[in-house]
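Notes for the one structure printed next.
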Amino acid sequence: GDTLRVSLTGDSCDEIQIGWDMLSGLELRRRGPNVISCPSCGRCDIDVVPLAEQVNLAVKGISAPVSIAVMGCEVNGPGEAKSADYGIAGGDGFSLIFKKGERVARVTPDVQLKALMDVITEDLAKQPAAVSEE
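Count along the sequence shown from 1, then add 84; that gives the number in the numbering used here.
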């Protein structure tokens, strides 16, 4: 078969993940979630970077090749995230949760991550192999 080799200066265990990330980025092979976040324009109502990092950590155990959008505003976010399987768009004191381009919830920031994960895990529960026990 074909081989992809990645060499890093750091921990060689990271080479496997980097290889998968490269294949996923090139849309040649996907494994696990792909978290997409906005570049934080002037309309951004939330700090996107920490939320995107929290989402990345929360979805680590998911093996299904799903896309999750983390957007900084409720104005452009929903449209830009429409192609994602799931998404969250931050507003001023609230967040909108999306599934397949449709708004499914409006929640407060203190429960936004849990609300997003509830939507994702409930949907993926219909696919038993989608969530691993890592």
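C-beta atoms are modelled at their ideal positions from N, C-alpha and C, and glycine is treated no differently.
Leaving aside the five residues that flank R114 on each side, the residues in its chain whose CB is nearer than 8 Å to its CB run, in chain order, L107, S108 and P149. Secondary structure at V119: strand, using DSSP grouped into helix, strand and coil. For the 8 Å CB-CB criterion, N140 and V119 form a contact. Around the beta-carbon of V133, fewer than 16 other beta-carbon atoms lie within 10 Å, marking it exposed.
Straight-line measurement puts the Cα of S147 at about 24 Å from the Cα of A189.
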